[in-house]
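Structure first, then comments.
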Amino acid sequence: MSFFKIEKQDKKTKARAGVINTLHGELKTPMIMIVGTKATVKGITTAQLDEIGVPVVLANTYHLYLNPGQKIIKKAGGLHGFMNWDKPIFTDSGGFQIFSMGHGTVADEIKGRGNRHKQKTLLKLSEEGAVFKSYLDGSEHLLTPEKSIQIQHDLGADMIAVLDECTPFHVSKRYTEKSMKMTHRWLLRCIDEHKKLKSKQALYGIIQGGVYPDLRKASTEFVAKQETAGICIGGSLGKNKTQMNATVQMTTEMIGASKPIHLLGIGGDLEDLVWGVEAGIDTFDCVAPTRNARHGTLFCSEAKNKKLQITNSRFRTDLSPIDKNCSCYVCKNFSRAYLSYLLRANEMLGTQLCTYHNIHFVVNFMKKIRQAILEDRLYEFKKDFFSY
RNA sequence: GGGCAGUUAGCCAAGCGGUCAACGGCGGCAGACUGUAAAUCUGCUCUCUCUGAGUUCGGGGGUUCGAAUCCCUCACUGCCCA
94 MSFFKIEKQD
104 KKTKARAGVI
114 NTLHGELKTP
124 MIMIVGTKAT
134 VKGITTAQLD
144 EIGVPVVLAN
154 TYHLYLNPGQ
164 KIIKKAGGLH
174 GFMNWDKPIF
184 TDSGGFQIFS
194 MGHGTVADEI
204 KGRGNRHKQK
214 TLLKLSEEGA
224 VFKSYLDGSE
234 HLLTPEKSIQ
244 IQHDLGADMI
254 AVLDECTPFH
264 VSKRYTEKSM
274 KMTHRWLLRC
284 IDEHKKLKSK
294 QALYGIIQGG
304 VYPDLRKAST
314 EFVAKQETAG
324 ICIGGSLGKN
334 KTQMNATVQM
344 TTEMIGASKP
354 IHLLGIGGDL
364 EDLVWGVEAG
374 IDTFDCVAPT
384 RNARHGTLFC
394 SEAKNKKLQI
404 TNSRFRTDLS
414 PIDKNCSCYV
424 CKNFSRAYLS
434 YLLRANEMLG
444 TQLCTYHNIH
454 FVVNFMKKIR
464 QAILEDRLYE
474 FKKDFFSY
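Under the working numbering, the first residue of the first sequence is numbered 94, with each subsequent residue one higher.
Now the structure itself:
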């Protein structure tokens, strides 16, 4: 049985509907993974994730290695046993932390805001690996490609990622190229380690190359020919959506159809998911649906920009649901006024309910996109949803 | 009746002669967030004809070039003694 199969290819775009066969069942693509970095989707139980229909949870190697450590997780039956989730899990390698611990958030870095509040905890980056200072206790840790794979092997996710350097936006082309080449060498080391461990996990290689077409091309060619189950597109994609879209477009162009393509970290805006799918992306992951929910930014098909800030004063007395077109538990049972009040009052239930809604919304949005592809009406779906 | 302490912007609370439209915190208003060091972070929050001006620090009066800051007096609050 092949790892990935395309069921339907859209005629007008590179969009496609497919199936990924994981150790914990089939995944229907395109879809979005819900982020649970520390082996928990903040505020939500796995029973609720199941109820919503979440296909995959994405957890993080670096965070789980520092706390509670992969040993206890392995002993608990891997992440699946530890967090009580019997559907597929994807673990990220720690590559993003090489970026975020060294530069700050994506937005801060791209907008050149710097990192005023957080101390940089990436101490050293070299051919061997990355040395981090733990944000928990200050201890130093060396994360190498081999170690990342070993940890992910213990964590036992269905899909795992190679260690890469997620290159920032504000670096020179020369640095991006140097970094990309190191990521390629790390990729080979990861593949070797993966083979050595005789792991059945699906390994994903990661394409870098920043926003430079020639580098993206070189990286794509290199990564695509390696023996990996899937391919991730990572690194800086650009400073705005147009550039991001262009970078992804040119990358997927060169990958070919045999492997599923994962776009790392993108999917916070519904429009990103749409252009991503049209560019040929099969899977996404993004912290935005859950983080935004906690911060009160909720998906809403009725709003012009498809989201609303529930804490805005106008919702204090609005007794209608977040989204009258949404069939989720929250929209069926609670009002905007109640959620607005809960978040203002700093009640835990507020973040929980908001998270539930946002997850339900994106997951179902992806299901609708998939259905539209299967029925040859992606364009119509898009036009209808965004009211073009 | 007497003694002491206090009264600062929506709330709590610093300030105790000029650099005070007045530190902080809460609350309020808005924004940000894209492989999660995020239940976080950033602005704004007396009024106005707003890169300047006008009124504020319980009320009234005074001292001073200048007061939220010193003095007098009144009101209210708290504690203590009768």
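Glycine included, each C-beta is placed from N, C-alpha and C at the ideal position. None of the values given here were measured: they were computed from a predicted structure.
Check, Outcome
"What residue from L436, S420 and K417 has the CA that sits closest to N405's CA?", "L436"
"What does a CB cutoff of less than 6 Å around Y158 pick up in its chain, not counting 5 residues either side in sequence?", "I244"
"Go through its chain and collect everything with a Cβ distance to G443's Cβ below 7 Å, but skip five positions before and after it.", "L432, L435 and L436"
"Determine contact between the stretch 460-469 and the stretch 383-397, defined as no fewer than three beta-carbon pairs at a distance below 8 Å.", "no"
"Taking buried to mean at least 16 other C-beta atoms within 10 Å of its own C-beta, is K240 buried or exposed?", "buried"
"Pick helix, strand or coil for V380, following the three-state DSSP scheme.", "coil"
"Please name the residue, chosen from H388, I324, F427 and S413, that lies closest to T376 on a Cα-to-Cα basis.", "I324"
"Rounded to whole angstroms, what is the Cα-Cα separation between M347 and A372?", "11 Å"
"Tell whether a beta-carbon distance below 8 Å holds between Q163 and L248.", "yes"
"So the candidates are E144, G188 and M459; which of them puts its Cα closest to the Cα of V370?", "M459"
"Would you give the residue range spanned by the beta strand (DSSP E) that A152 belongs to?", "V150 to N153"
"Using 8 Å as the Cβ pair cut-off and three pairs as the minimum, do the stretch 308-317 and the stretch 260-277 touch?", "yes"
"When the Cα atoms are used, what is the spatial distance from R484 to R109?", "The displayed coordinates of the chain run from 94 to 481. Any statement about residue 484 would go beyond what the structure contains."
"Q102 bridges to which residues according to DSSP?", "R109"
"Would you give the residue range spanned by the alpha helix (DSSP H) that C424 belongs to?", "Y422 to N426"
"Taking 8 Å as the cut-off, decide whether the C-beta atoms of T383 and K135 are in contact.", "yes"
"Exposed or buried, which one is P306 when buried takes at least 16 other CB atoms within 10 Å?", "exposed"
"Between V237 and the rest of its own chain, which residues show a CB-CB distance below 7 Å, the 5 nearest in sequence each way excluded?", "Val is not the amino acid found at residue 237; the sequence shown has Thr there. These residues qualify, in order along the chain: E221 and G222."
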